[in-house]
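To start, the structure under review is shown below, and the notes come after it.
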Amino acid sequence: VMSGSISVPGASYQVRYVGEGVHAAYEIDPSAYPREAQPIPIDNTGKDSSQNSIPAGRDSGSTIDILVAYTSAARSAAGSTAAMQSLISLAVSETNTGYSQSQVNQRVRLMHTAEVAYTESSDTDAGWSTDLSRLRSKTDGYMDELHALRDMYGADLVVLIIAKSYYYGLGYMMATLSSAFESSAFCMVARACVAGPQYSFAHEMGHNMGSNHDHANASGATIYPYSYGYQAPSKVFRTMMAYPCSGTTCPRINYWSNPGLQWVATGELLGVAGSGPTAADNRSSLNNTAYTVANFRQAVDGPTTSTTTPTTTTVTPTTVSGTNGGSGGCFIATAAYGSYLDPHVVVLRNFRDRHLQTNQPGQYFVRWYYENSPPIAEMIRKYETLRVVTQVLLTPVILAIQYPAFFALFFILFTPVVVLLSVRMGRWRYRDTVMQ
604 VMSGSISVPG ASYQVRYVGE GVHAAYEIDP SAYPREAQPI PIDNTGKDSS QNSIPAGRDS
664 GSTIDILVAY TSAARSAAGS TAAMQSLISL AVSETNTGYS QSQVNQRVRL MHTAEVAYTE
724 SSDTDAGWST DLSRLRSKTD GYMDELHALR DMYGADLVVL IIAKSYYYGL GYMMATLSSA
784 FESSAFCMVA RACVAGPQYS FAHEMGHNMG SNHDHANASG ATIYPYSYGY QAPSKVFRTM
844 MAYPCSGTTC PRINYWSNPG LQWVATGELL GVAGSGPTAA DNRSSLNNTA YTVANFRQAV
904 DGPTTSTTTP TTTTVTPTTV SGTNGGSGGC FIATAAYGSY LDPHVVVLRN FRDRHLQTNQ
964 PGQYFVRWYY ENSPPIAEMI RKYETLRVVT QVLLTPVILA IQYPAFFALF FILFTPVVVL
1024 LSVRMGRWRY RDTVMQ
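The sequence shown runs 604 to 1039 under our numbering.
Printed below as a string of structure tokens:
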């Protein structure tokens, strides 16, 4: 099973497993952004924040161990346990790629994955807050088993993947550097936004590590005056922790703000140096908090494991990045017709872009389709009869779009034949009635 993120100038795609040995490439709709959520700051002022308070011989700070859980609804939405495992592997790979190319010293290590039989709350602000609070609590009867797994596998951070998508994700933010934050080192991520081009998996963990949004969209205190994401003045890109630019989406790139790096496409810096009111250097912030975060739990040696249904499927994460980074929302814009990378997809996509998107009724239909078609497509995928019927019904539509002149001529020639047959049938019925 393979999962991947592909970004090219002007478009972004996701590769996902859809079952029965088939993968599909989905184009990301840039108009379908979910809401951004402000992190919940946890201020441990007054509690011991000294790195010297951590006993000698503890973790060096080079590796952040993580536990990733997911709800049954999220697994179902992903298509299978193997598909979810592949998505998690992709997210971990992308996170470490972002660290490496941003000069962040730490790496995350996946210690364990687990499915939780938890019914998600409503897909609202209140529902998200409720779920995050239940994830954090050890004794409320909701997902309490995750705390035992966290201790067992020495996970510094816990990430919960959920099916709903009111927000990209939501997490607690370490507002003061302190080992006491370990009890709040939790975050949630919408399944559709886990990997690129949204990178919400890395983004929400960034809050747990003390990083905030860009200055214009940040709330609450930060550990350092430079613990902020960065929006390019040209609005061509935004770094990992930044919000979309005003008036445009400005694609998120898999880089953390770093004033020592330039964006190749424009020559702009990826951050602002210093500690002034516009300082933006998440790279330095992460490097400074890594030791504390890595010691929320002590490392446990051994391979990663899973408490999901056993599978022998090989998980192969694949990431591809273009020079413009990723952009787009969390919903599919084009679904495969027939089989993987079926050529008919191109016909439908061109019809969408050249005709439907050029007028208001067409745009309304496209938005309606994006919002309502995924569950229908999932149902069709599960049943061979529905797949055959769908292809039979879509074939003349696609041919009419691809060869409009031929179908117009066919209609002109075929209409008189239909009229003639109808007239004759009427005469035969009249004759039969008279004879009776």
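Backbone N, C-alpha and C define an ideal beta-carbon position, used for all residues, glycine too.
On a predicted model such as this, the values are computed, not experimentally measured, just so you know.
With 16 other Cβ atoms within 10 Å as the buried cut-off, status of residue i
i     : result
V707  : buried
N927  : Bear in mind that a pLDDT of 29 at N927, under 50, signals an unreliable position, so the number given afterwards is only what the model happens to contain. So N927 counts as buried.
M777  : buried
A1008 : exposed
N962  : exposed
P978  : exposed
R841  : buried
A677  : buried
K985  : exposed
M1028 : exposed
D728  : exposed
I1015 : exposed
V618  : buried
L749  : buried
L1012 : exposed
L693  : buried
P854  : buried
V695  : buried
H715  : buried
H806  : buried
G664  : buried
S608  : buried
Beta-bridge pairing of residue i - partner residues as DSSP gives them
i    : result
I764 : Y673 and V792
M776 : P644
A628 : V618
Q865 : L872
G832 : D817
V711 : I667
R855 : R841
Short Cβ contact (7 Å threshold) for residue i with residue j
i    : j    : result
Y572 : S786 : It is not possible to answer for residue 572, since the shown part of the chain is limited to 604 through 1039.
V792 : F784 : no
T779 : D646 : yes
A798 : L752 : no
D726 : Y769 : yes
T674 : I765 : yes
D754 : F899 : no
L738 : L763 : yes
S782 : T895 : yes
D662 : A897 : yes
V761 : L690 : no
M812 : L889 : yes
A876 : G757 : no
Q641 : S822 : yes
C790 : Y771 : no
G730 : S724 : yes
A627 : Y616 : no
Residues near residue i in its chain [Cβ-Cβ closer than 6 Å; skip 5 each side]
i    : result
M844 : G809, S814, H816, G832 and N885
R712 : T666 and D668
S705 : Y858, W859, N861 and R886
A672 : A717, V719, L749 and L763
G874 : Y833, S860, N861, P862, A883 and D884
N820 : Y846
S942 : Because S942 sits at a pLDDT of 41, beneath the cut-off of 50, its placement in the model cannot be relied upon, and the following sentence gives the value as read from the coordinates. None.
A680 : A766 and R794
Continuous beta strand (DSSP E) stretch holding residue i: start and end
i    : result
V896 : Note, V896: premise wrong, no beta strand (DSSP E); alpha helix (DSSP H) at N885 to A897.
P999 : Element bounds for P999: not the beta strand (DSSP E) but the alpha helix (DSSP H), E987 to Q1005.
M746 : No beta strand (DSSP E) contains M746, which DSSP labels as neither H nor E.
R841 : Looking at the DSSP string, R841 is not in any beta strand (DSSP E), and its letter there is neither H nor E.
D817 : N815 to D817
N- and C-terminal bounds of the alpha helix (DSSP H) containing residue i
i     : result
I643  : Here I643 belongs to no alpha helix (DSSP H); instead the beta strand (DSSP E) covers I643 to I645.
N811  : S803 to N811
Q688  : T684 to Q704
L1045 : With the chain running from 604 to 1039 in the structure shown, residue 1045 is simply not present.
Other residues of its chain near residue i: CB distance less than 8 Å, five sequence neighbours each side excluded
i    : result
A824 : P644, D646, A778 and T779
S878 : Y827, P828 and Y829
G870 : none
Close-in-space but distant-in-sequence residues of the same chain around residue i (CB under 7 Å, 5 per side omitted)
i    : result
D747 : K741
Any C-beta of chain C under 7 Å from that of residue i
i     : result
L1024 : No chain C is present in this structure, which holds just one protein chain.
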